[in-house]
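This is the structure we're talking about:
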């Protein structure tokens, strides 16, 4: 696959993106000072992991790579391959998401992909033999396979490090150690689950290729992910935006202001997306049809693509809308937050406020007097994790139905990514609450705006899985 969206300018600097930059201006002394202040703020907020934790992650990834290499040899021998093919058999671990982008924080999980040969199947090999191997290792805890997910995954902790492990079975008998998964040919004869599993790595790597300055991109993205969590708009499953969505939005701003420092990139982020005319798509490169016949995002051909409200298109083939979960209600909330961020950045430029103002937590109880609160409980931690994931995955549907049936603008808010401690304290003081909260991250609130419905009572649901 070539480098879409790249061309040369007269000054010799390559253009990244589908249009010319808005500004080529470099940083001023003021930008250097404000960027230093921002980096200090992010450090003090605890957004960077320690050197010890970084070393631990590398060790865990190295150990996991050894495990899958041994696993594939076991599979090869069980399939009756001759000893030479058994010795040549290989599997390889790739990373993607926030860890691969370099913007992960302390305690964050690592998104990983295991790439294996054609004879190591997903059902018997990955969710069968590899699951068995992991389940017998004392270093592995909280092992939870989800084979029926849209993107099948195994979740577990390895020496305390959270791992999300996907699997891609390629149409190769031997996986080379220098395998380049950015090539479109890697998708040849791949099933849909493999294509979706490969997508995370391919998109992440392409993002890093399409930004002009990786370090400035990382600082800006780390800042805006923290901002989104503080303001309650960080949750793909709830209809807001997740990590990959925010990364794509930030990458586009980096393309439009290739020489700007993070303080300016943050300011321009809010200015650009305050003025953005959705549903015009955000794209880092032109959409290519490819030679494999896979469906790409195209509202002219695909009727369902025409209903996407906030399309943010992935840059790797097959290009898709990464934000199809966004609803009219969540788009309105995010537009309001972009506007607020833009106003604060303008005030910051006038030396009226500091960075703290931008990251002020969303005041839930000042904005919403009426809400539906959903408690979830289970008999043990493992059941609770599964039950919580199921409930969260259905919240977006619930709010869409509330919006449709009662003409309300309803938005799900997941306090596990918000300021749970302060919100929990407020809820525990509320006389309307009948049940105690088990932990700060096992309850969710559906916030409602409307004239004629008051959901002030509490629904308590207890389910034994």
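Numbering (UniProt numbering), first residue to last: 1 to 465. A virtual CB, placed ideally from N, CA and C, is assigned to each residue, including glycine. Quick caveat: nothing in here was measured; it's all calculated off a predicted structure.
> What's the C-alpha gap between residue 182 and residue 138?
Replying inline: Taking the straight line from one Cα to the other gives about 35 Å.
(Q) Using C-beta distances below 6 Å, list every residue in its chain close to residue 314, excluding the 5 sequence neighbours before and after it, in chain order. (A) 203, 320 and 322.
query: Of the residues 379, 258, 149 and 97, which one's Cα is nearest the Cα of residue 27?
result: Checking every option, the nearest Cα to that of residue 27 belongs to 258.
query = Nearest to residue 326 by alpha carbon, out of 309, 379 and 293?
reply = Of all alpha-carbon atoms in 309, 379 and 293, the one lying nearest the alpha-carbon of residue 326 is that of 309.
Grab me the residues of residue 384's own chain with a C-beta within less than 6 Å of its C-beta, minus the 5 sequence neighbours each way, in chain order. Excluding sequence neighbours, residue 384 sits near 378.
> Going straight from the alpha carbon of residue 149 to that of residue 227, what length do you get?
Replying inline: Each residue's Cα considered, the two are about 29 Å apart.
- Item | Spatial distance of residue 205 from residue 94 (CA atoms) | Answer to the nearest angstrom: the Cα atoms are 11 Å apart.
query = Looking only at C-alpha atoms, which of 288, 201 and 399 sits nearest to residue 101?
reply = The shortest Cα separation from residue 101 among 288, 201 and 399 belongs to 201.
State yes or no: is the beta carbon of residue 276 nearer than 8 Å to at least one beta carbon in chain D? The chain inventory of the structure shown lacks chain D, comprising one protein chain alone.
Practice task
Measure the CB-CB distance between residue 251 and residue 275 and report whether it falls below 8 Å.
Solution key: The answer is no: Cβ separation not under 8 Å.
query: In terms of residues, what are the limits of the beta strand (DSSP E) holding residue 373?
result: Counting along the chain, the unbroken beta strand (DSSP E) around residue 373 starts and ends at 371–377.
Assess, as a yes-or-no matter, whether the segment 35–47 is touched by the segment 219–239 under the definition of 3 or more beta carbon pairs within less than 8 Å. Here the segment 219–239 lies against the segment 35–47, with 3 or more beta-carbon pairs under 8 Å apart.
| said: DSSP three-state label for residue 285, please. | reply: Residue state, collapsed to three classes: coil.
Can you list, in chain order, the residues of its chain with a C-beta nearer than 6 Å to that of residue 273? Leave out the 5 residues immediately preceding and following it. These residues qualify, in order along the chain: 338.
Starting from the Cα of residue 196, find the closest Cα among 217, 168, 189 and 188 and give me that residue. The candidate whose alpha carbon is nearest that of residue 196 is 168.
task: Mark residue 365 as exposed unless 16 or more other C-beta atoms lie within 10 angstroms of its C-beta, in which case mark it buried.
output: By the neighbour-count rule (16 or more Cβ atoms within 10 Å), residue 365 is not buried but exposed.
Looking at the secondary structure, which residues open and close the alpha helix (DSSP H) in which residue 253 lies? In the DSSP assignment, residue 253 falls within the unbroken alpha helix (DSSP H) covering 243–256.
For residue 164, the three-state DSSP class (helix, strand or coil):
In the three-state reduction of the DSSP assignment, residue 164 falls in the strand class.
Item to complete: Determine the closest residue to residue 264 out of 382, 341, 304 and 335, with distance taken between C-alpha atoms.
Response: Comparing Cα positions, the closest option is 341.
Practice task
Could you please give the first and the last residue of the uninterrupted alpha helix (DSSP H) stretch that includes residue 269?
Solution key: Unbroken alpha helix (DSSP H) run through residue 269: 262–275.
TODO: Could you tell me if residue 307 is buried or exposed, where buried requires 16 or more neighbouring beta carbons within 10 angstroms of its beta carbon?
DONE: In this structure residue 307 is exposed. Its beta-carbon is surrounded by fewer than 16 other beta-carbon atoms within 10 angstroms.
**Asked** From residue 134 to residue 157, what distance separates their C-alpha atoms?
**Response** Their backbone Cα atoms lie some 10 Å apart in a straight line.
Q) With C-beta atoms as the reference, is residue 16 less than 8 Å away from residue 249? A) Taking 8 Å as the cut-off, the Cβ atoms of residue 16 and residue 249 do not count as close.
Residue ranges of each alpha helix (DSSP H) run of no fewer than 4 residues wholly in the segment 116–204, ordered along the chain? Scanning the segment 116–204 for uninterrupted alpha helix (DSSP H) segments of 4 residues or longer gives 131–135, listed from N- to C-terminal end.
Given residue 111 as reference, the closest of 256, 32 and 198 once Cα atoms are compared: Nearest of 256, 32 and 198 to residue 111, Cα basis: 198.
- Query: If we count the other Cβ atoms within 10 Å of its Cβ and call it buried at 16 or more, is residue 36 buried or exposed?
  - Reply: With fewer than 16 other Cβ atoms inside 10 Å of its own Cβ, residue 36 counts as exposed.
(request) With distances taken Cα to Cα, identify the nearest neighbour of residue 362 among 330, 124, 233 and 238. (result) Check the Cα spacing between residue 362 and each of 330, 124, 233 and 238: the tightest is with 233.
Determine the extent of the alpha helix (DSSP H) in which residue 330 is found, giving its start and end residues. Where residue 330 is concerned, the enclosing alpha helix (DSSP H) stretches over 328–349.
Just the C-alpha distance for residue 123 and residue 67, rounded to the nearest angstrom, thanks. Approximately 18 Å between the Cα atoms of the pair.
Q.
At the level of alpha carbons, what is the spacing between residue 116 and residue 358?
A. So the alpha carbons of these two residues sit roughly 45 Å apart.
key: For residue 281 and residue 353, the rounded distance between their alpha carbons   = Per the coordinates, the alpha-carbon of residue 353 lies some 32 Å from the alpha-carbon of residue 281.
- Query: Taking just the CA atoms, how far does residue 267 sit from residue 256?
  - Reply: In a straight line, the C-alpha of residue 256 is about 13 Å away from that of residue 267.
**Message:** So residue 20 and residue 90 are supposed to be a Cβ contact under 8 Å. How far apart are they, rounded?
**Reply:** Their Cβ separation, rounded to whole angstroms, is 44 Å, which puts residue 20 and residue 90 out of contact at 8 Å.
Requested in this report: Quickly, what does DSSP pair residue 92 with across the bridge? List them, please.
Outcome: DSSP output for residue 92 lists 115 as bridge partner(s).
Exercise. Report the partner residues of residue 18 according to the DSSP bridge assignment.
Key: BP columns for residue 18 are empty, so no partner.
Where residue 84 falls, given that 16 or more other Cβ within 10 Å makes a residue buried | The residue is exposed, with fewer than 16 neighbouring Cβ atoms inside 10 Å.
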